[in-house]
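Numbering (my numbering), first residue to last: 170 to 603.
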């Protein structure tokens, strides 16, 4: 490099310097990315090389005060595996005969009525910054040709480019419909029931779904594949800080007593959520080593082992791993848990009850799967059952305390004991001891 170290140098090995300024971030307009910096030679002050630096700028949420009154970022009460309804009652695309549309209020309520401890769904922003519930980064808009009332042509549009009101006017078509030439179903009459409509706002979901049902909120963000391509062909997205501030503010203001667990495939988003608020936990979503999905560019996303290390380094709750890798290497579940991590799992393999049984035996903390309504009859979820048991214990305790023959009552019923004789005293004693 044309630089050399002088013997006796007070800084041996120091051959050059690179300077990263905060103004560099401001100029790029991005709070995360890669900066390429010139390395200036120590002696010559000429450029001798370049260095690439990954950066992430985390800003506090404006106007929102966080304190330590309630913090669950690292808290998890160990139970048997929790049932998590994927997109509510299940993916519409995965179900052959779906009863309700995925990611609708009706779908979430259906899962809640069939014992789901949590419902899982994706949240992203409309063009006018309304947090909405929808799985894909893109949707299809149907256009009619001139003088042709029967045929339709579908155009794929990023959800982020449509306002909330525009999304409410759409008849939903999945992006896979682009491969089909028959779109007659889009000409059929619309559902009139509000709870069956796609693109509900996050606020509507909070208001409509019973509070004892937890929310596993996946924060939708674009991912880059190892081949350089991007999710939904979107190489640019929202400002990460702004995106998260809007969604987190909505959740923190509306969650009440509801259990919330965030998740995301983007490790930088996980880091931001952990630092921006201290109330709710986040799981790092990982597809691990997979034959189903293409490998992601970010090395932190390429295996469950690396995902564990990242979760530990950022002090987040745990990981949500792809079941494909867990079934091949079930020991990963115990390994993660010995490192103090909570482990959820997701993927189509979870739709097989035999796989779910295997994962339960391995001690998985949460199972995200489709068609929960087909596998379980109408029932209360584990949180509702626990709440009812606690209430019964309180009522029983109050009943014992208020009983005139109870040793906890005030004043003690000594006069009653004297008038009713010794046999009654023994009977009362037996009742109170039970």
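Every residue, glycine too, gets a C-beta built ideally from N, C-alpha and C.
By alpha-carbon distance to residue 259, the top candidate from 249, 280, 472 is 280. Annotation: residue 199 is outside any beta strand (DSSP E) and is labelled neither H nor E by DSSP.
Contact between residue 242 and residue 449 holds: their C-beta atoms lie close to 7 Å from each other, under 8 Å. Annotated three-state conformation of residue 396 is coil, per DSSP. Taking a C-beta distance under 9 Å as the contact criterion, residue 489 and residue 546 do not qualify as a contact pair.
Boundaries of the alpha helix (DSSP H) around residue 543: 541-544. Residue 257 and residue 380 have their C-alpha atoms roughly 15 Å apart. Burial check for residue 282: the Cβ neighbour count within 10 Å reaches 16 or more, so the residue is buried. A check of alpha carbon separations from residue 388 across 432, 501, 548 identifies 432 as the nearest.
Going by C-alpha positions, residue 288 is about 42 Å away from residue 205. By the CB criterion at 9 Å, residue 463 and residue 398 fall inside the cutoff. Put simply, of 186, 224, 213 the residue whose alpha carbon is nearest the alpha carbon of residue 194 is 224. Rounded to whole angstroms, the gap between the alpha carbons of residue 251 and residue 532 is 11 Å. In this model, residue 550 and residue 219 are separated by some 56 Å (Cα to Cα). Leaving aside the five residues that flank residue 366 on each side, none in its chain has a CB nearer than 6 Å to its CB. Annotation: residue 567 to residue 467 spans about 57 Å, alpha carbon to alpha carbon. A straight-line Cα-Cα distance of about 7 Å links residue 493 and residue 459. The beta carbon of residue 409 is closer than 6 Å to those of 200, 201 in its chain, skipping five residues each way along the sequence.
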